[in-house]
Amino acid sequence: MSENEENVPKIRFPGFSDAWEQRKLGDIADVTKLAGFEFTKYVTYSDEGQIIALRGLNVKNGHLVLEDVKYIDSSDFSKLNRSKLYKNDILFTYVGTVGELAVVPEDDKYYLAPNVARIRMNKGANSLFVSQMMNGNAFYNRIIFPLIATSSQPALSMENVRKFTLKLPSEEEQSKIAGFLGTLDHLITLHQRKLADVKKLKSGLLQKMFPKNGENFPEVRFPEFTDAWEQRKLGDMADIIGGGTPSTSNEEYWDGEIDWYAPAEITDQIYVNSSERKITEAGYNNSSAKMLPVGTVLFTSRAGIGKMAILHKESCTNQGFQSIVPHENELDSYFIFSRSEELKRYSEIVGAGSTFVEVSGKQMAAMDIMMPPTMDEQKKIGAFFETVDNLITLHQRKLEHLQEQKKALLQQMFV
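Numbering (the working numbering), first residue to last: 1 to 415.
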């Protein structure tokens, strides 16, 4: 590959053909950090005020995170000339978690706090373009990581930040790329908000559609149901089944056709239908594993306690589970799956006395749980939360697809 080809991206807007030029960050931007004398002489943080002091925890994944902020008084802000932040300044964390970036969105609202550098681009360099380039994994691994000092905690000097090498196209091409990726970022943000909104909706409904402690009626209910809920033992409505592991030294017991789950496989999925490891019939017959029917709710009973998934296919598990096999016409699988936080809290409490947290089948069966008086209401609640969970999954997949698209574009639109 020629030097010219190395300096041209794989994907490019039409009308641009010139090679990109390598520059040092210090040659195209003013790079500085909070002046020590300014901090000690003027800065007093407060929980209220007009000017937000942007600390390292406020800079993450290309965005400002403003859930935990400190303020300085506007009268102090006028004295902090070097640490004032203006629209399009790039923020860069250089101590601790090195390499997080964000772009300042507006003037006269933010101030530079310790451990965050300010990068202000000179004429000819687009800060939105540069921040997109610097925020990629490739830039971190190739440029940032080799310069990090790790004596006590990871850190970068301003001298080393100024040494960062970047390859830049014309200002017009920078602006085009920045605008395109900014639109994609906006779309990603919209999907993140949609996902957060649906999760928040679900959380609120979970609190309202099941009775609070000491009460017999939920706050929100389908109109055709009016009778009081009743307390029942989980073991009266389901069998609680543990698992087992065939001898790992016997090859004849493994790589068969029987699904055999371990707790590490249960993450954030709802249904499971194929395990990572499988056992043979001989392995099954020579272990304490039990065959679990479709609709069983797997429940991890040891470290990482309380992770749940519903079986879509007859399977068995190792001993890290106390799985819930609903009795027909007594317990709906998705209804009890929707009570996951309740089951997890109970299990953590009753299982806390052992060397490590573990809940037994006997303890699970003894759990008191408020139940609707009819199976119809259980099924309707279960179906409702399944619809909500499917909506969450849909938004999650859309978001992940957009994030993967951007990741691929960053690799091909930059040199």
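Yeah, the Cβ is synthetic: ideal placement off N, Cα and C, and Gly gets one too.
Residues bridged to residue i by DSSP?
i: I258; result: I279
i: E21; result: L168
i: L91; result: A102 and R118
i: Y110; result: I52
i: E230; result: M371
i: T317; result: Y261
i: L292; result: S315
i: D239; result: V325
i: I310; result: Y271 and V297
i: S46; result: Y71
i: H401; result: In the DSSP output, where bridge partners are listed per residue, H401 has none listed.
Quick check on residue i: does DSSP put it in helix, strand or coil?
i: E386; result: helix
i: P326; result: strand
i: M1; result: Caution is warranted here: a pLDDT of 48 is assigned to M1, below 50, making its placement in the model unreliable, and no coordinate value can be reported.
i: Y86; result: coil
i: I51; result: strand
i: E251; result: helix
i: I11; result: coil
i: V161; result: helix
i: I72; result: strand
i: V198; result: helix
i: E66; result: It should be noted that the sequence gives Leu, not Glu, for residue 66. Three-state DSSP puts L66 in coil, outside helix and strand.
i: D30; result: strand
i: L350; result: Strictly speaking, residue 350 in this sequence is Val, with Leu absent from that position. In the structure shown, V350 sits in a helix (DSSP, three-state: H, G or I).
i: A365; result: helix
Does the distance from the C-beta atom of residue i to that of residue j stay below 9 Å?
i: V272; j: S301; result: no
i: Q231; j: D368; result: yes
i: V220; j: A303; result: no
i: A29; j: I144; result: no
i: P246; j: G283; result: yes
i: D227; j: T374; result: yes
i: R23; j: F210; result: no
i: N126; j: S175; result: yes
i: L25; j: T165; result: yes
i: I90; j: L234; result: no
i: F225; j: K362; result: no
Compute the Euclidean distance between the alpha carbons of residue i and residue j, then round it to the nearest angstrom.
i: P293; j: K398; result: 32 Å
i: A117; j: Y111; result: 11 Å
i: A155; j: V161; result: 10 Å
i: I177; j: L409; result: 10 Å
i: F321; j: L298; result: 7 Å
i: V104; j: V31; result: 15 Å
i: E265; j: E215; result: 36 Å
i: A196; j: V65; result: 15 Å
i: V415; j: A53; result: 34 Å
i: L147; j: F92; result: 14 Å
i: F129; j: Q412; result: 14 Å
i: A309; j: G295; result: 9 Å
i: M1; j: N88; result: Low confidence applies to M1: its pLDDT is 48, below 50, so where it sits in the model is not reliable enough to give any reading.
i: M169; j: G49; result: Looking at the sequence itself, residue 169 is Pro, so the reference to Met does not match. Near 41 Å, if we compare the C-alpha coordinates of G49 and P169.
i: L85; j: K70; result: 15 Å
i: M291; j: K307; result: 19 Å
i: A352; j: K163; result: 53 Å
i: E341; j: Y45; result: 38 Å
i: G179; j: G62; result: 15 Å
i: D47; j: D68; result: 9 Å
i: H312; j: N250; result: 28 Å
i: S275; j: S323; result: 15 Å
Within 9 Å (strictly less), CB to CB, does residue i reach chain E?
i: H191; result: Chain labels in this structure do not include chain E; a single protein chain is all it has.
Pull up the CB-CB distance for residue i and residue j, whole angstroms please, since I reckon it's below 8 Å.
i: I305; j: E348; result: 6 Å
i: N318; j: G243; result: 5 Å
i: P372; j: W229; result: 6 Å
i: L394; j: H191; result: Actually they are not in contact, since the Cβ atoms of L394 and H191 sit about 10 Å apart, beyond 8 Å.
i: S83; j: I51; result: About 10 Å; that fails the 8 Å criterion.
i: V388; j: K202; result: 5 Å
i: I240; j: M134; result: About 53 Å; that fails the 8 Å criterion.
i: W254; j: A289; result: W254 to A289, Cβ: 12 Å. No contact.
i: F16; j: E159; result: 33 Å between Cβ atoms; not a contact.
i: N115; j: G96; result: 6 Å
i: V43; j: L101; result: Contact doesn't hold; Cβ gap of about 23 Å is too wide.
Is the beta carbon of residue i within less than 8 Å of some heavy atom of the ligand MN?
i: P223; result: Looking for the ligand MN in the displayed structure turns up nothing, as the structure carries no ligands at all.
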